[in-house]
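Colleague: Pasting a structure here, questions to come.
Protein chains: 2
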Amino acid sequence: MNAYTDLMAFQRDTEALGQTAGRLSWDQETMMSPGSADQRSDEMAAIEGILHQRRVDPRIGDWLAAIDEASLDAVAQAQVREIRRSFERNSRVPERLASELARMISKSHGIWAEARADDNFAAFAPTLKEVVALRKEEAQALAQGGDSYDALLNDYEPGATAAELSAMFGALRPRLVALREAVLAQPELPGLTTHFDEAGQMRLAEKLAAAFGYDFRRGRVDKAVHPFSSGSGNDVRITTRTEALDPFNCFYSTIHEVGHGCYEQNIDQAYRLTPLGSGVSMGVHESQSRIYENQLGRSRAFTGWLFKQMRDEFGDFGIADEETFYGAVNRIKNGYIRTEADEVQYNLHVLLRFDLEQAVIKGDLAVDDLQGAWDDRFLADFGYAVDKPSNGVLQDVHWAAGLFGYFPTYSLGNVYAGCLHDALRKAVPDLDDQLAQGDTSAATGWLQENLQQYGGLREAKATIKHATGAEPSEAPLLDYLESKFKDLYKL
Amino acid sequence: MNAYTDLMAFQRDTEALGQTAGRLSWDQETMMSPGSADQRSDEMAAIEGILHQRRVDPRIGDWLAAIDEASLDAVAQAQVREIRRSFERNSRVPERLASELARMISKSHGIWAEARADDNFAAFAPTLKEVVALRKEEAQALAQGGDSYDALLNDYEPGATAAELSAMFGALRPRLVALREAVLAQPELPGLTTHFDEAGQMRLAEKLAAAFGYDFRRGRVDKAVHPFSSGSGNDVRITTRTEALDPFNCFYSTIHEVGHGCYEQNIDQAYRLTPLGSGVSMGVHESQSRIYENQLGRSRAFTGWLFKQMRDEFGDFGIADEETFYGAVNRIKNGYIRTEADEVQYNLHVLLRFDLEQAVIKGDLAVDDLQGAWDDRFLADFGYAVDKPSNGVLQDVHWAAGLFGYFPTYSLGNVYAGCLHDALRKAVPDLDDQLAQGDTSAATGWLQENLQQYGGLREAKATIKHATGAEPSEAPLLDYLESKFKDLYKL
Numbered sequence: 000m001n002a003y004t005d006l007m008a009f010q011r012d013t014e015a016l017g018q019t020a021g022r023l024s025w026d027q028e029t030m031m032s033p034g035s036a037d038q039r040s041d042e043m044a045a046i047e048g049i050l051h052q053r054r055v056d057p058r059i060g061d062w063l064a065a066i067d068e069a070s071l072d073a074v075a076q077a078q079v080r081e082i083r084r085s086f087e088r089n090s091r092v093p094e095r096l097a098s099e100l101a102r103m104i105s106k107s108h109g110i111w112a113e114a115r116a117d118d119n120f121a122a123f124a125p126t127l128k129e130v131v132a133l134r135k136e137e138a139q140a141l142a143q144g145g146d147s148y149d150a151l152l153n154d155y156e157p158g159a160t161a162a163e164l165s166a167m168f169g170a171l172r173p174r175l176v177a178l179r180e181a182v183l184a185q186p187e188l189p190g191l192t193t194h195f196d197e198a199g200q201m202r203l204a205e206k207l208a209a210a211f212g213y214d215f216r217r218g219r220v221d222k223a224v225h226p227f228s229s230g231s232g233n234d235v236r237i238t239t240r241t242e243a244l245d246p247f248n249c250f251y252s253t254i255h256e257v258g259h260g261c262y263e264q265n266i267d268q269a270y271r272l273t274p275l276g277s278g279v280s281m282g283v284h285e286s287q288s289r290i291y292e293n294q295l296g297r298s299r300a301f302t303g304w305l306f307k308q309m310r311d312e313f314g315d316f317g318i319a320d321e322e323t324f325y326g327a328v329n330r331i332k333n334g335y336i337r338t339e340a341d342e343v344q345y346n347l348h349v350l351l352r353f354d355l356e357q358a359v360i361k362g363d364l365a366v367d368d369l370q371g372a373w374d375d376r377f378l379a380d381f382g383y384a385v386d387k388p389s390n391g392v393l394q395d396v397h398w399a400a401g402l403f404g405y406f407p408t409y410s411l412g413n414v415y416a417g418c419l420h421d422a423l424r425k426a427v428p429d430l431d432d433q434l435a436q437g438d439t440s441a442a443t444g445w446l447q448e449n450l451q452q453y454g455g456l457r458e459a460k461a462t463i464k465h466a467t468g469a470e471p472s473e474a475p476l477l478d479y480l481e482s483k484f485k486d487l488y489k490l
Numbered sequence: 000m001n002a003y004t005d006l007m008a009f010q011r012d013t014e015a016l017g018q019t020a021g022r023l024s025w026d027q028e029t030m031m032s033p034g035s036a037d038q039r040s041d042e043m044a045a046i047e048g049i050l051h052q053r054r055v056d057p058r059i060g061d062w063l064a065a066i067d068e069a070s071l072d073a074v075a076q077a078q079v080r081e082i083r084r085s086f087e088r089n090s091r092v093p094e095r096l097a098s099e100l101a102r103m104i105s106k107s108h109g110i111w112a113e114a115r116a117d118d119n120f121a122a123f124a125p126t127l128k129e130v131v132a133l134r135k136e137e138a139q140a141l142a143q144g145g146d147s148y149d150a151l152l153n154d155y156e157p158g159a160t161a162a163e164l165s166a167m168f169g170a171l172r173p174r175l176v177a178l179r180e181a182v183l184a185q186p187e188l189p190g191l192t193t194h195f196d197e198a199g200q201m202r203l204a205e206k207l208a209a210a211f212g213y214d215f216r217r218g219r220v221d222k223a224v225h226p227f228s229s230g231s232g233n234d235v236r237i238t239t240r241t242e243a244l245d246p247f248n249c250f251y252s253t254i255h256e257v258g259h260g261c262y263e264q265n266i267d268q269a270y271r272l273t274p275l276g277s278g279v280s281m282g283v284h285e286s287q288s289r290i291y292e293n294q295l296g297r298s299r300a301f302t303g304w305l306f307k308q309m310r311d312e313f314g315d316f317g318i319a320d321e322e323t324f325y326g327a328v329n330r331i332k333n334g335y336i337r338t339e340a341d342e343v344q345y346n347l348h349v350l351l352r353f354d355l356e357q358a359v360i361k362g363d364l365a366v367d368d369l370q371g372a373w374d375d376r377f378l379a380d381f382g383y384a385v386d387k388p389s390n391g392v393l394q395d396v397h398w399a400a401g402l403f404g405y406f407p408t409y410s411l412g413n414v415y416a417g418c419l420h421d422a423l424r425k426a427v428p429d430l431d432d433q434l435a436q437g438d439t440s441a442a443t444g445w446l447q448e449n450l451q452q453y454g455g456l457r458e459a460k461a462t463i464k465h466a467t468g469a470e471p472s473e474a475p476l477l478d479y480l481e482s483k484f485k486d487l488y489k490l
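Taken in order, these protein sequences are the chains called X and V.
Numbering-wise, numbering that gives the first Met the number 0 puts 32 at position 33 of the first sequence, and it's gapless, one number per residue.
Numbering-wise, numbering that gives the first Met the number 0 puts 476 at position 477 of the second sequence, and it's gapless, one number per residue.
Encoded structure:
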């Protein structure tokens with residue numbers, strides 16, 4: 000047991016330092032003054048350096064070798080599994096490559112931002128080529144002879160393969176394209192048209208966070224340019240934003256981040272500051288944010304309650320009744336931007352990126368041809384042409400940040416949310432009656448009980464399977480989307 | 000040069016981690032939700048553990064041994080001096096003792112707070128005995144045969160000795176006792192009597208911070224229970240507090256913390272994230288906060304400007320003119336509490352603690368006799384008796400926190416501020432004309448130029464001597480106080 004105890008004590012300090020680095024990032028987005036930015040980069044680089052040294056510390060290898068895994072209980076075995084994965088992953092990437100990548104990524108962000116502002120993909124392409132080359136080199140080091148793209152994917156979704164995701168997403172795509180087309184052939188649903196006081200939006204955002212079970216005693220809500228959730232265990236903070244003309248942006252960003260935040264807050268306290276003390280994968284994390292935001296938050300029942308709250312906060316805002324309000328929350332419109340997309344079109348945006356980035360990493364698509372490939376695929380799925388690169392290939396920061404393998408976890412999260420929603424409806428037959436009162440406790444309690452509390456105990460797919468009792472499949476998501484939107488649009 | 004370069008690279012990461020720990024403390028006092036406290040303790044303990052390991056890392060000893068100091072320039076020699084001091088200091092304290100002390104101090108805080116609330120010194124004495132015993136053990140390890148109290152003092156004021164401070168403070172005490180008595184025999188000066196809007200106090204606090212040169216682009220001002228300054232270099236944050244009946248508390252706490260903060264902000268950028276990149280000692284630090292707060296901020300000239308600002312912000316608040324306002328800012332009243340004391344009485348509070356804590360550490364005074372010794376000394380210097388321990392021996396957190404050797408740096412700071420003020424007046428003869436316009440730039444510029452920019456380049460006393468051209472002495476402070484208060488009270 001000594002090797003295990005020593006390993007966990009060492010790991011605990013690493014986790015604490017990791018939490019600290021996360022807190023600094025939060026501070027940077029919410030509190031830090033602009034003139035502190037250079038020093039903060041230095042501080043972050045130093046902490047990341049110390050973290051990296053700890054993650055590849057040869058003592059971890061010694062401890063892992065000395066542990067008799069068969070003698071450990073299931074929780075300890077899972078801890079060892081996660082520590083071994085991280086240790087092997089980090090040990091495979093040469094120091095030189097890791098720091099070249101870090102430097103290149105920090106440089107590429109500015110070049111991407113400028114190219115996007117100028118709507119000029121050619122100005123970004125040479126840099127993106129360098130990022131891709133380094134990430135491919137890293138992927139080869141990680142893959143050890145296996146598939147390069149899968150190696151990158153596994154940074155975000157351990158255990159997933161592109162083949163498996165392609166099968167799921169392949170089933171999604173034609174039915175979503177068809178659903179989108181059918182919906183957009185129908186008359187447009189009315190949306191919001193007035194201004195909404197931003198202080199009132201923040202008040203209601205906090206009310207929504209509380210309604211979804213976010214524990215303000217172990218976190219806080221602030222404004223930031225981009226909504227995010229940060230931290231694990233007992234210090235989990237979320238951010239949101241306000242736009243005078245679009246309070247739904249504020250409310251649904253808030254509910255989304257509350258989903259992420261509650262997952263972290265609700266993990267078994269015994270796992271705090273251990274590898275099991277955070278969400279198990281990006282896909283499972285996204286399943287929580289999405290089910291809170293969409294299947295619960297955008298349901299007819301819950302929007303009925305939200306409509307009353309908005310009337311209380313803002314008075315008459317030009318929407319006559321609950322049903323019209325439900326339509327305003329869920330209406331589908333043409334648009335180029337992934338982050339502004341609705342439940343139906345969002346996945347089409349992601350699938351496009353997933354296919355293109357696989358082709359780039361496999362070498363089947365040259366970076367120089369990326370803009371053309373993007374525009375062709377967009378036209379094929381959405382039926383109209385991209386008007387400029389900032390509405391197309393340059394819209395997302397991910398590739399500039401070297402995040403290849405990240406995009407598919409968004410749609411995997413939606414697929415998982417579909418599976419969980421299906422199981423939840425069976426477990427809580429009167430869910431809509433509760434949601435109509437603004438009461439999410441049966442739903443969030445079921446998620447906490449069956450999924451969130453376990454953190455990283457089981458691997459991602461096993462986590463979903465444990466909660467739902469079935470192998471994950473895209474079918475429930477598709478059924479849910481078709482049923483919801485055919486009903487809403489009277490198809 | 001390689002050993003020096005390697006040492007500095009290692010040190011830089013340690014400094015960055017130290018800044019991070021400081022940022023977490025700031026967060027804890029300003030932003031963190033109460034339910035995050037336990038986890039934060041764990042995170043801080045982990046970071047402090049990692050910092051401790053780095054500070055005693057045997058490679059530091061190897062690098063120090065390999066460096067040819069004579070070949071280094073003055074800045075590099077100063078870096079080595081500071082790193083060696085810290086390395087030797089930390090290496091002398093056995094791991095076992097360091098962690099026993101940390102545990103005891105974390106425990107004693109709660110016991111002290113309860114004893115203070117119950118006004119029961121006997122309930123705290125056994126714990127204080129344990130803290131004293133451990134600190135004495137640590138002092139002996141640090142002193143290496145030298146004086147134990149000096150060893151503790153040197154944690155806060157490197158190079159200072161109790162003998163030297165006793166000589167200075169011995170000259171202060173009788174004249175301050177006499178001045179206090181003379182002033183309090185005069186008619187009382189009027190004070191403030193109305194409520195001051197707290198949002199208005201914060202607006203004016205920020206105006207004052209700007210007036211004293213605090214750079215908001217590299218910091219921020221927040222409210223906290225206790226005012227403090229935090230961080231070095233380009234991320235230096237300060238806090239203040241508001242009380243409806245006492246806006247001077249807010250304003251002068253702000254100016255005080257701005258003094259600390261500007262010292263850190265104004266250090267040469269080349270020293271950022273190195274041992275020279277922070278204030279050189281507690282005494283020199285306090286000299287900056289005190290000269291900003293007192294010699295500048297409480298001057299007749301500056302209070303004239305402040306009076307106008309307060310009239311602009313709050314309207315008529317019952318003080319008729321600038322001269323009455325100057326009296327309200329500077330009036331002297333009886334009181335038991337150090338942190339509420341005026342310029343004259345403050346040092347008497349500190350001298351009392353300095354003499355008592357020396358006696359405790361030397362073994363000349365038993366902890367059980369501390370309350371009696373406190374009360375006797377208070378009666379002797381202030382002329383009336385302490386009414387209850389929370390107004391006496393239990394009022395400060397320092398001893399519960401193991402901070403023996405810290406108190407004298409407060410008065411040393413005042414002494415240094417006196418020296419600097421003397422030199423500043425000679426260098427800027429028309430200072431009062433500028434202060435009367437709210438313009439501190441000549442004063443703060445002189446401090447930046449002659450002291451602040453150098454950070455830890457010179458040791459504490461040499462820092463003051465470099466700025467003033469003279470050996471530090473208590474004489475300028477005494478002359479300043481006697482002149483100011485005899486004038487104000489028409490003595």
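Glycine is no exception: its CB is placed at the ideal position from the N, C-alpha and C atoms.
Quick one: what does DSSP say X/Arg-236 is sitting in, helix, strand or coil?
Modeller: In the first sequence, the residue the question calls residue 236 of chain X occupies position 237. If DSSP states are grouped into helix, strand and coil, X/Arg-236 belongs with the strands.
Colleague: Once you ignore the five residues that flank V/Leu-178 on each side, which residues in its own chain have a CB closer than 7 Å to its CB?
Modeller: Residue 178 of chain V sits at position 179 when you count from the first residue of the second sequence. So the list reads Val-343, Leu-480, Glu-481, Phe-484, once near-sequence residues are dropped.
Colleague: Would you call V/Asn-153 buried or exposed, if buried means 16 or more other Cβ atoms sit within 10 Å of its Cβ?
Modeller: Translated into the one-based positions of the second sequence, residue 153 of chain V becomes position 154. Buried, because 16 or more other Cβ atoms sit within 10 Å of the Cβ of V/Asn-153.
Colleague: Against chain X, does V/Arg-219 count as a neighbour if the rule is that its beta carbon must be under 8 Å from one of theirs?
Modeller: Position 220 of the second sequence, counted from the start, is the residue given in the question as residue 219 of chain V. Yes, V/Arg-219 counts as interfacial toward chain X.
Colleague: For V/Val-74, list the residues DSSP reports as bridge partners.
Modeller: In the second sequence, residue 74 of chain V corresponds to position 75, counting from 1. V/Val-74 pairs with nothing; no bridge assigned.
Colleague: What in chain X is Cβ-close to V/Phe-215, meaning under 9 Å?
Modeller: In the second sequence, counting from the first residue as 1, residue 215 of chain V sits at position 216. Chain X residues near V/Phe-215: Ser-32, Gly-34.
Colleague: Is the stretch 314 to 323 of chain X touching the stretch 133 to 140 of chain X in the sense that three or more CB pairs, one from each, lie closer than 8 Å?
Modeller: The stretch 314 to 323 of chain X and the stretch 133 to 140 of chain X do not touch, with fewer than three beta-carbon pairs separated by less than 8 Å.
Colleague: Considering only their Cβ atoms, is the gap separating V/Glu-14 from V/Gly-455 smaller than 8 Å?
Modeller: Taking the first residue of the second sequence as position 1, residue 455 of chain V is located at position 456. Taking the first residue of the second sequence as position 1, residue 14 of chain V is located at position 15. Going by C-beta atoms, V/Gly-455 is not nearer than 8 Å to V/Glu-14.
Colleague: Leaving out five residues on either side along the sequence, give the residues of the same chain with a beta carbon under 6 Å from the beta carbon of X/Gln-451.
Modeller: Counting from 1 along the first sequence, the entry for residue 451 of chain X is found at position 452. Answer for X/Gln-451: Tyr-262, Asn-265, listed in chain order.
Colleague: With a CB to CB cut of under 6 Å and the five nearest residues on each side skipped, what residues in its chain are close to V/Thr-498?
Modeller: A question about residue 498 of chain V goes unanswered here, because the residues of chain V that appear run from 0 up to 490.
Colleague: Could you give the distance in angstroms between the alpha-carbon of V/His-108 and the alpha-carbon of V/Val-396?
Modeller: Residue mapping note: residue 108 of chain V aligns to position 109 of the second sequence, counting from 1. Residue mapping note: residue 396 of chain V aligns to position 397 of the second sequence, counting from 1. Taking the straight line from one Cα to the other gives about 7 Å.
Colleague: Under a Cβ-count criterion, where at least 16 other Cβ atoms within 10 Å of its own Cβ denotes burial, should X/Glu-250 be classed as buried or exposed?
Modeller: For the purposes of this step, residue 250 of chain X is taken as the residue at position 251 of the first sequence. The amino acid at residue 250 of chain X is misidentified as Glu; the sequence shows Phe. With 16 or more other Cβ atoms within 10 Å, it is buried.
Colleague: Who are the Cβ neighbours of X/Gly-417 in its own chain at under 6 Å, not counting the five residues just before and after it?
Modeller: Mapped onto the first sequence, residue 417 of chain X falls at position 418. Closer than 6 Å at the Cβ level, and outside the excluded window around X/Gly-417, lie Pro-475, Leu-476, Tyr-479.
Colleague: With X/Leu-45 and V/Asp-56 assumed to form a contact (beta carbons below 8 Å), what rounded beta-carbon distance in angstroms separates them?
Modeller: Mapped onto the first sequence, residue 45 of chain X falls at position 46. Mapped onto the second sequence, residue 56 of chain V falls at position 57. The amino acid at residue 45 of chain X is misidentified as Leu; the sequence shows Ala. 15 Å between Cβ atoms; not a contact.
Colleague: Along the beta strand (DSSP E) that carries V/Val-220, what are the first and last residues, could you check?
Modeller: The sequence position of residue 220 of chain V within the second sequence is 221, counting from 1. First-last of the beta strand (DSSP E) with V/Val-220: 220 to 222.
Colleague: Indicate whether at least one CB of chain V lies closer than 8 Å to the CB of X/Ile-46.
Modeller: Residue numbering aside, residue 46 of chain X sits at position 47 when the first sequence is read from its first letter. Among the CB atoms of chain V, one or more fall inside 8 Å of the CB of X/Ile-46.
Colleague: Ignoring anything shorter than 4 residues, give me the alpha helix (DSSP H) runs that lie fully in the stretch 312 to 351 of chain X, in order along the chain.
Modeller: 321 to 329
Colleague: Classify X/Ser-165 as helix, strand or coil using the three-state DSSP reduction.
Modeller: Along the first sequence, read from residue 1 onward, the residue named residue 165 of chain X stands at position 166. Here X/Ser-165 sits in helix by DSSP.
Colleague: Ordered along the chain, which non-local residues of its own chain (more than five positions away) have a Cβ less than 6 Å from that of V/Trp-373?
Modeller: Along the second sequence, one-based indexing puts residue 373 of chain V at 374. Closer than 6 Å at the Cβ level, and outside the excluded window around V/Trp-373, lie Gly-391, Val-392.
Colleague: Name, in chain order, the residues that DSSP records as bridge partners for V/Ser-229.
Modeller: Residue numbering aside, residue 229 of chain V sits at position 230 when the second sequence is read from its first letter. Answer by DSSP bridge pairing, in chain order: V/Arg-236.
Colleague: Show which residues of chain X have a CB atom less than 7 Å away from the CB atom of V/Arg-22.
Modeller: For the purposes of this step, residue 22 of chain V is taken as residue 23 along the second sequence, with counting starting at 1. Going along chain X in sequence order, the residues near V/Arg-22 (Cβ under 7 Å) are Leu-23, Asp-26.
Colleague: Determine which residues of the stretch 5 to 20 of chain X have a Cβ less than 9 Å from any Cβ of chain V, and write them out in chain order.
Modeller: Arg-11, Asp-12, Thr-13, Glu-14, Ala-15, Leu-16, Gln-18, Thr-19, Ala-20
Colleague: Under 8 Å by Cβ, that's how I've got V/Arg-252 and V/Pro-226 pegged, so tell me the actual separation to the nearest angstrom.
Modeller: In the second sequence, counting from the first residue as 1, residue 252 of chain V sits at position 253. In the second sequence, counting from the first residue as 1, residue 226 of chain V sits at position 227. Reading off the sequence, residue 252 of chain V comes out as Ser, not Arg. Their Cβ separation, rounded to whole angstroms, is 4 Å, which keeps V/Ser-252 and V/Pro-226 in contact under 8 Å.
Colleague: Rounding to the nearest angstrom, what Cα-Cα distance links X/Ala-176 and X/Asn-329 in this structure?
Modeller: Walking along the first sequence from the start, residue 176 of chain X turns up at place 177. Walking along the first sequence from the start, residue 329 of chain X turns up at place 330. Here residue 176 of chain X turns out to be Val, not Ala, going by the sequence shown. For X/Val-176 and X/Asn-329, the distance between alpha carbons rounds to 17 Å.
Colleague: Under a CB-based cut-off of 8 Å, is X/Ile-336 close to chain V?
Modeller: Reading the first sequence from its first residue, position 337 is the one you call residue 336 of chain X. Chain V contact via Cβ: absent.
Colleague: When you compare the CB of X/Arg-271 with every CB in chain V, is at least one pair closer than 8 Å?
Modeller: To locate residue 271 of chain X, count along the first sequence from 1; it is residue 272. Answer yes: the Cβ-Cβ gap between X/Arg-271 and chain V drops below 8 Å somewhere.
Colleague: Given a cut-off of 8 Å, decide if V/Ala-210 and V/Val-220 are closer than it, judged by their beta-carbon atoms.
Modeller: Against the second sequence, residue 220 of chain V aligns to sequence position 221. Against the second sequence, residue 210 of chain V aligns to sequence position 211. V/Ala-210 sits away from V/Val-220, with the two beta carbons spaced by 8 Å or more.
Colleague: In whole angstroms, give me the CA-to-CA distance for V/Gly-232 and V/Gly-444.
Modeller: As a position in the second sequence, residue 232 of chain V is number 233, starting the count at 1. As a position in the second sequence, residue 444 of chain V is number 445, starting the count at 1. Those two C-alpha atoms are separated by around 17 Å.
Colleague: Please confirm if the stretch 410 to 430 of chain X is in contact with the stretch 287 to 306 of chain X, defined as three or more CB-CB distances below 8 Å between the two stretches.
Modeller: yes
Colleague: Along chain X, in chain order, which residues have C-beta atoms closer than 9 Å to that of V/Ile-82?
Modeller: Numbered from 1 along the second sequence, position 83 holds the residue referred to as residue 82 of chain V. Result: empty, since nearest Cβ-Cβ is about 16 Å, beyond 9 Å.
Colleague: Using a Cβ cut-off of 8 Å (strictly closer), state whether V/Asn-233 contacts chain X.
Modeller: For the purposes of this step, residue 233 of chain V is taken as residue 234 along the second sequence, with counting starting at 1. So, interface residue.
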